[in-house]
Ligand code: FPP
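Residue numbers (my numbering): 1 to 228.
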């Protein structure tokens, strides 16, 4: 079975290259992350305007705890600020906010902010903005398999139903910025039939025009799902 060109519904992005963006300008890495948040804002607004049903962003992995303490705390600070400053926009624009990963293990003040943001947007029915926080795909799959087993049936479908991404459209396109070509423990299950794009642009330089170009490229690809 092959499927002709179609419009992407769900795009995920590994936002890589903030550190290199800053280094090139002799700026602290935290400034690169700050500019990364600005890219999050413009690209996620554009994704909604372009009609995507879901955008999933890799903001903090289970491995990111290994970074120096000041960088981790800068990232957490940016995250807090982002939730606080953009929540009203999500409420107003009918954005369905979803967090994947073990976010309940983050600091209590962040957990409280997220809980409040989820509650305030719970009735929204529009495009989903999915943020992966303290996320690792192997951990997600193991948790889902354990839940499926506890309910008595381990199958592709029963595991899938327990993944953090349950309820979202299937992943169509996975983009990684900054020229690195690996998945880094992101959406391993969901990427089974996703198209992949690895672009050289560093994340802070990634604009709505880059997303538009990626969606055009996607629409021209023929998807085979293992068939011919
Ligand atoms: C990779 O750049 C990026 C990250 C580890 C974090 C991504 C986070 C953001 C864009 C900001 C926070 C997000 C939200 C949703 C508020 P890197 O530091 O690995 O770059 P490098 O490989 O060039 O060093």
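A virtual CB, placed ideally from N, CA and C, is assigned to each residue, including glycine.
Remember, predicted model here, so these are calculated numbers, not experimental data.
Beta-bridge partners of residue 10, as assigned by DSSP: Answer is 54, bridged to residue 10.
Could you check whether residue 107 and residue 300 sit closer than 8 angstroms to each other, using their CB atoms as the reference points? The structure shown does not extend to residue 300, since the chain is modelled only from 1 through 228, so no value can be given for it.
Would you say the beta carbon of residue 223 comes nearer than 7 angstroms to a heavy atom of the ligand FPP? Residue 223 Cβ: outside cutoff for every heavy atom of the ligand FPP.
Residue 98 - partner residues in DSSP beta bridges: DSSP output for residue 98 lists 130 as bridge partner(s).
Which one or two residues does DSSP pair with residue 195 in a beta bridge? Residue 195 pairs with 173.
Helix, strand or coil at residue 223 [DSSP, three-state]: Three-state result, residue 223: strand.
Smallest Cα separation from residue 83: which of 219, 220 and 130? With respect to the C-alpha of residue 83, the residue from 219, 220 and 130 having the closest C-alpha is 130.
Once the 5 residues before and after residue 196 are set aside, which same chain residues still bring their CB inside 7 angstroms of it? Contacts found: 174.
Presumed contact (8 angstroms Cβ cut-off) between residue 204 and residue 32, rounded CB distance: In this structure residue 204 touches residue 32 by the C-beta definition: roughly 6 angstroms separates them, less than 8 angstroms.
Tell me which residues share the same chain as residue 6 and place their Cβ nearer than 6 angstroms to its Cβ, disregarding the 5 neighbours each side in the sequence. Nothing meets the Cβ criterion.
Residue 186 (DSSP reduced to helix, strand or coil): Three-state DSSP puts residue 186 in coil, outside helix and strand.
Out of 10, 206, 15 and 124, which one is the CA nearest neighbour of residue 182? Of 10, 206, 15 and 124, the smallest CA-CA separation from residue 182 is found for 15.
In this structure, how does DSSP classify residue 148 when only helix, strand and coil are distinguished? Three-state result, residue 148: helix.
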